[in-house]
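For reference, the structure discussed in these notes is given below.
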Amino acid sequence: MSQTDRKQLKRSVFMPAFVIIMLAVIIGLVNNELLVSVARQLFYLSLSDFGWLYQLLAISTLGVTAFIFFSKAGNIRLGGANAKPTFSLAATFAMALTGGIATGVVTYSVNEPIIYLGNVYGEIGNQSFEPNSGEAAIFALARSFHNWSFIPYAMYSIVGLMIGYMHFNRKERFSISSTLAPLLGSRERSPVVRAVVDIISILAIALGLASSLGAGLALISSGIEAEYGIASSPTTWLILTLIISAIFITSAVSGLKRGIRFLSSVNAYIFYAFVAILLIIGPVNYILSLSVTSLGYWFDNFFLWSFDTKEAGGEALVTWWTMYDWSIWIAYAPLMGLFLARISYGRTLREFLVINWILPSVFGIVWFAIWGGSAIKWQMDGTLDLVSVVTENGAVSGLWGFLQNLPMSALLIPLAIFTLIISFSTAADSMSSTIATICTRNMTAEEEAPRKQKILWGLSIAIIAYVMVAFGGGAQGVDGIKFLAAAGGFIVLFLFLLIVASAVKVFIMDGANKPQESQARIKQAEDVYE
1 MSQTDRKQLK
11 RSVFMPAFVI
21 IMLAVIIGLV
31 NNELLVSVAR
41 QLFYLSLSDF
51 GWLYQLLAIS
61 TLGVTAFIFF
71 SKAGNIRLGG
81 ANAKPTFSLA
91 ATFAMALTGG
101 IATGVVTYSV
111 NEPIIYLGNV
121 YGEIGNQSFE
131 PNSGEAAIFA
141 LARSFHNWSF
151 IPYAMYSIVG
161 LMIGYMHFNR
171 KERFSISSTL
181 APLLGSRERS
191 PVVRAVVDII
201 SILAIALGLA
211 SSLGAGLALI
221 SSGIEAEYGI
231 ASSPTTWLIL
241 TLIISAIFIT
251 SAVSGLKRGI
261 RFLSSVNAYI
271 FYAFVAILLI
281 IGPVNYILSL
291 SVTSLGYWFD
301 NFFLWSFDTK
311 EAGGEALVTW
321 WTMYDWSIWI
331 AYAPLMGLFL
341 ARISYGRTLR
351 EFLVINWILP
361 SVFGIVWFAI
371 WGGSAIKWQM
381 DGTLDLVSVV
391 TENGAVSGLW
401 GFLQNLPMSA
411 LLIPLAIFTL
421 IISFSTAADS
431 MSSTIATICT
441 RNMTAEEEAP
451 RKQKILWGLS
461 IAIIAYVMVA
471 FGGGAQGVDG
481 IKFLAAAGGF
491 IVLFLFLLIV
501 ASAVKVFIMD
511 GANKPQESQA
521 RIKQAEDVYE
């Protein structure tokens, strides 16, 4: 079989996914209000009626991930005992970190704690303390830690770990559906099952990426307007779309070992530089003091926050922040899992979790502590009034108000804009490549998908984002596609539930924490499948 024959288009996956996504674009152009309305209804249904499931699944995922990390299963090496890692630890971590956070960590490290602190949308209405108080400051940072660390990264990690283990060790196909083999047995090999799983995953991630890019376009253009006076407009959004698309499509076409690794490294070094800069010019003593106290506050409330379905914290906090975040992370998890599996060959499961779960979670805590802690300090002592900025100009505007009042703002704001562009480009790069992989027959983790597919999916994502921002009523268009992305997360929710259950079966019930017994089971399974 020739290489060309092997890399044929998976029409049963590509056509339905591509048609549905293009249909969303057309509806957005013709009747954006209809798209927003339907997406909003699906969004409310998922988080109001199934909020309990989101919370139970999130904390269960954390528990299963922690069990694998601390058990003997952590000694199992992806690819077998003699497998050697393809990438260095630093390169793997850079790709894992920057491939999954898009623009979120930059955008919300200032805005989210400030919104909580000032009770901008009623987030602390159910709490006993007042907005802008000392306890509100502690709560704001602690809640940000909760939403951006160990639980969400466990969602990415459990899927990546299962895909890598099933592909490299059990010799299953490199696909999301392979994670279901322990539950479904030979039924997982059904073309219908595989196609449905792949289509659901592609829809969720494509719409999620489009929403991220749409929000990113609005955020970057607002920063350009705030600093340089260039008004946000369809022309500005188009130029930004072309720049971002050119970067991530070029990188995706260059392949994993060249383009994605290079872009991830650049992005990671920029993140490290921003951490260093804020430590130099920020209120270090306050950051350390508030962070340590907030960690204790988080630990003290961890189980309540993890199981609260809004009865304690209220809808504004729990539904619109925590559970909305869970839905987006779950929507991204299948394809992010494929990407993490690709870069983790040769790692033990424990090393895999250190790189993809522990280190990104710690980075998230440190990043929010430094950026969010600085913003809270300057809000509390009157240096800045970011609460008013956010209240008057929207949820993402606090970042630019924060940066404009820093020393060297003339340098930091362009660097922040560049960081946002590179951050999204890195995430879109990895995800568009992964979508192309899913739509191609007989792919392995080591192979690159056809360039034409990478370009096609990259352009499709860019078109959706631009249409929603430019022709969908600006913010309304972005909100609409966000609702749609979260609704896609609702569909993926049940697939994700099965993947976690499959991990429980493999690593807990079947005793894969005993490497010798696990290898015997693998051989038995391979004999059956053959």
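Counting with the working numbering, you get residues 1 to 530 for the letters of the sequence shown.
No residue lacks a Cβ here, since even glycine has one placed at the ideal position from N, Cα and C.
None of the values given here were measured: they were computed from a predicted structure.
Span of the alpha helix (DSSP H) around residue i
i	result
Phe299	284-307
Ile124	It is not in any alpha helix (DSSP H) - Ile124 carries neither H nor E in the DSSP assignment.
His146	134-147
Val110	104-118
Gly398	398-404
Ser264	261-281
Glu392	386-393
Pro414	409-438
Reference residue i; option with closest CA among the options
i	options	result
Thr241	Val387, Lys72, Tyr466, Ser433	Tyr466
Pro191	Ile287, Ser178, Gly296, Ile202	Ser178
Leu493	Tyr332, Ala503, Ala427, Ile115	Tyr332
Pro16	Ile202, Gly214, Pro360	Ile202
Val105	Pro152, Tyr297, Ala39, Gly382	Pro152
Arg189	Ile200, Ile199, Ser175	Ser175
Thr98	Ser430, Lys310, Lys10	Ser430
Ile422	Ser502, Leu288, Leu117, Leu263	Leu263
Thr348	Thr86, Asn31, Ile27	Thr86
Tyr269	Ile26, Ala416, Phe490, Thr107	Ala416
Ile205	Ile21, Val275, Lys452, Ser245	Ile21
Asn169	Asn75, Gly208, Thr250, Gly214	Asn75
Val25	Val506, Gly489, Ala470	Ala470
Thr235	Ser265, Ser221, Ser245	Ser221
Arg536	Leu238, Ile464, Ser432	Within the shown structure, residues of the chain are numbered from 1 to 530, placing residue 536 beyond reach of any answer.
Phe418	Trp329, Tyr165, Phe271	Phe271
Gly164	Lys454, Trp371, Phe307, Met336	Met336
Beta carbon proximity, residue i to chain E, threshold 8 Å
i	result
Ala206	Protein chain content of the structure displayed is limited to a single chain, and chain E is not contained in it.
Alpha-carbon spacing of residue i relative to residue j, whole angstroms
i	j	result
Tyr44	Ala210	20 Å
Leu412	Ser233	24 Å
Gly80	Ser157	19 Å
Leu279	His167	42 Å
Leu23	Ser327	23 Å
Ile247	Ser425	6 Å
Val120	Glu392	10 Å
Arg173	Leu180	11 Å
Phe150	Ala58	10 Å
Leu29	Leu495	31 Å
Ser388	Leu183	52 Å
Leu219	Ala83	43 Å
Leu62	Pro334	16 Å
Arg77	Phe303	32 Å
Ser374	Gly382	12 Å
Asn111	Leu399	6 Å
Arg11	Cys439	7 Å
Ile376	Ala369	10 Å
Trp148	Gly346	28 Å
Pro283	Met443	50 Å
His146	Phe139	10 Å
Ala136	Glu33	37 Å
Val19	Val504	35 Å
Leu338	Thr434	7 Å
Gly489	Gly458	21 Å
Gly100	Thr322	18 Å
Ala96	Ile249	19 Å
Val36	Leu498	29 Å
Phe550	Thr437	In the structure displayed, the chain extends from 1 to 530; residue 550 sits before or after that span and is not available.
Integer-rounded CB distance, given that residue j should sit under 8 Å from residue i
i	j	result
Leu406	Leu290	That belief does not hold up - the Cβ atoms of Leu406 and Leu290 are roughly 18 Å apart, past 8 Å.
Ala91	Arg261	6 Å
Ala231	Val13	No, Ala231 and Val13 are not in contact; Cβ-Cβ is about 42 Å, not under 8 Å.
Arg342	Ala445	5 Å
Pro131	Ile124	6 Å
Phe483	Ala39	4 Å
Leu340	Gly160	3 Å
Ile355	Leu89	7 Å
Ile115	Val390	6 Å
Phe352	Ser361	About 14 Å; that fails the 8 Å criterion.
Ser265	Ala94	5 Å
Ala395	Gly122	About 13 Å; that fails the 8 Å criterion.
Gly313	Asn31	At roughly 36 Å, the Cβ-Cβ gap does not stay under 8 Å, so Gly313 and Asn31 are not in contact.
Practice item. May I have a chain-ordered list of the alpha helix (DSSP H) segments no shorter than 4 residues that lie completely inside the segment 331-376? Key: Listed in chain order, the alpha helix (DSSP H) runs fully inside the segment 331-376 are 349-353, counting runs of at least 4 residues.
Check your understanding: Where in the segment 13-53 do unbroken runs of the beta strand (DSSP E), each at least 3 residues long, occur, reported from the N-terminal end onward?
Key -> Those beta strand (DSSP E) runs which fall completely within the segment 13-53 and span 3+ residues do not exist here.
Point to revise | Whole alpha helix (DSSP H) elements within the segment 159-191, 4-residue minimum | key: Runs of the alpha helix (DSSP H) inside the segment 159-191: 181-184.
Exercise for review: Tell me the start and end of each unbroken alpha helix (DSSP H) in the segment 209-254 that is at least 4 residues and wholly inside, in chain order.
Suggested key: Those alpha helix (DSSP H) runs which fall completely within the segment 209-254 and span 4+ residues are 234-254.
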